[in-house]
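**Student:** Under the numbering used here, the first residue of the sequence shown carries the number 8, and numbering increases by one thereafter. For glycine and all other residues, C-beta sits at the position ideal for the given N, C-alpha and C. Keep in mind the model is a prediction, meaning the values are calculated, not measured.
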Amino acid sequence: MGSYSKGANGTFSGKVGSVIGSSWRSIDYLKSLPKKSGKEATTEQVAQRTKFAMAPVYLRPIKDILNIGFSDKNLNKTTGYNAAVKIFLTQAIQGDYPDYRVDFSKIVMSKGSLSVFHALAATLTGNDLVLTWSSILNRYNAFTDDSLMVVVLNATKMMYLIYENITRADLTYTINMAADFTGDVLHTWAFAIKREGDIVGNSQYLGSVTLP
C-alpha cells in the first residue's frame, strides 16, 4: 500500500481494475486487491484469526470511550481503540487455541498521567454497586473536580453500562442495577479525566461481582 498526492483530477476513491483508492485520516492511499489463495489455513493462522475476531466483540461497543481513554498518549496515527485492541490481543487473551479465555483484569481502557482515584473499590450491596475512594489531592495531577468514567460490562448479557458526571470530591457513587440483571456477572473499570477533558489517568479494574 502506498500514499499519493492529489493529481489534477483530485483524489481517487473506489476500485478500478486491481487497484483500490481510499483515504484515512486525510491521507490518500492506493493498494492492490489481495490475491486469492487456495491453501488451507494453518492452525497458527486460524488461532490468530480467532484472537482478532474476539477483540471487536469486547471493545468495539466502547470504541468512543477507548479513544478518550488513550487521548493523553502520543499515538501518532494510531487511534485509542486500536491501541486498546493491541493490548487486548497481547495481554487479555489467555490460554491456547481453541480454548481461549479473556482475563478481564488485563483489559486496559486508558493510559495517562493524571492521578488515579486512590483506594478505588467497588462492592456489591444488594442490587447496588457501590464505588468508594479516597480524595488525595495535589496541584499537579489530582484535582477536586477531576471526573471519573465508570465502565461496567454485563458479561452475561454482553452489554456495557457507562457512568460519568462523578467527581474526585464525591468520595462515593452508587449504581442501582436493573432487576432483570439477577444472576448476571459484572466487570467494572474506571479512569480519571481532568476537568478540561484533555488528560486522563490509567484505568483501574475493580473486579467482578455476581448479582443476587
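Going by the CB atoms, is the gap between I94 and A58 shorter than 7 Å?
**Tutor:** The residue asked about is misnamed: residue 58 is Lys in this sequence, not Ala. No.
**Student:** Within its chain, find whatever has a CB closer than 7 Å to the CB of A48; leave out the 5 residues flanking it on each side and keep chain order.
**Tutor:** Result list for A48: empty, nothing under 7 Å.
**Student:** Can you check whether the CB of F198 is closer than 7 Å to the CB of S117?
**Tutor:** Cβ distance < 7 Å, so S117 and F198 count as in contact.
**Student:** What is the DSSP secondary structure of D135, reduced to helix, strand or coil?
**Tutor:** Of the three classes helix, strand and coil, the one that applies to D135 here is strand, per DSSP.
**Student:** Based on DSSP bridge pairs, tell me the residues matched to Y167.
**Tutor:** In DSSP, Y167 forms a bridge with L160.
**Student:** Using alpha carbons as the reference points, say which of D191, Y65, T217, L178 lies closest to Q123.
**Tutor:** Looking at the sequence shown, residue 123 is not Gln but Val. For the residues D191, Y65, T217, L178, the minimum Cα distance to V123 belongs to L178.
**Student:** To the nearest angstrom, report how far apart L66 and L73 are at their CA atoms.
**Tutor:** Taking the straight line from one Cα to the other gives about 8 Å.
**Student:** Excluding the 5 residues preceding and the 5 following L144 in the sequence, name in chain order all residues of the same chain whose CB lies nearer than 7 Å to its CB.
**Tutor:** Closer than 7 Å at Cβ, skipping near neighbours: F150, T151.
**Student:** Does the Cβ of R175 have 16 or more other Cβ atoms within 10 Å, making it buried, or fewer, making it exposed?
**Tutor:** So R175 counts as buried.
**Student:** Ordered along the chain, which non-local residues of its own chain (more than five positions away) have a Cβ less than 6 Å from that of L131?
**Tutor:** If we look at L131 and ignore the five residues flanking it on each side, its Cβ neighbours are V216.
**Student:** Here's the rule I'm using: 16 or more other beta-carbon atoms within 10 Å means buried, otherwise exposed. How should K201 be labelled?
**Tutor:** By the neighbour-count rule (16 or more Cβ atoms within 10 Å), K201 is buried.
**Student:** For G102, which residues of its own chain have a beta-carbon under 7 Å away from its beta-carbon, when the five flanking residues on both sides are left out?
**Tutor:** Contacts found: R108.
**Student:** Along the alpha helix (DSSP H) that carries F59, what are the first and last residues, could you check?
**Tutor:** Taken as a continuous stretch (DSSP letters only), the alpha helix (DSSP H) holding F59 covers 50-66.
**Student:** Quick one: give me the first and last residue of the beta strand (DSSP E) that N183 is part of.
**Tutor:** Its beta strand (DSSP E) spans residues 179-183.
**Student:** Which of the three DSSP states is assigned to T85 in this structure?
**Tutor:** In the structure shown, T85 sits in coil (DSSP, three-state: anything other than H, G, I, E or B).
**Student:** According to DSSP, is L96 helix, strand or coil?
**Tutor:** Correct three-state label for L96: helix.
**Student:** So, helix, strand or coil for R202, using DSSP?
**Tutor:** Looking at R202 - three-state DSSP - the assignment turns out to be coil, as it is neither helix nor strand.
**Student:** May I have the straight-line CA-CA distance separating V137 from Y167, to the nearest angstrom?
**Tutor:** Their Cα atoms are separated by approximately 17 Å.
**Student:** Would you tell me roughly how many angstroms separate the C-alpha atoms of Y170 and I69, rounded to the nearest one?
**Tutor:** Straight-line Cα distance between these residues: approximately 12 Å.
**Student:** Near E203, which residues of its chain fall below 8 Å by C-beta distance, leaving aside the five closest residues on each side in sequence?
**Tutor:** Once the five neighbours on either side are set aside, E203 has no close Cβ partner at all.
**Student:** Ends of the beta strand (DSSP E) at L213?
**Tutor:** Unbroken beta strand (DSSP E) run through L213: 211-217.
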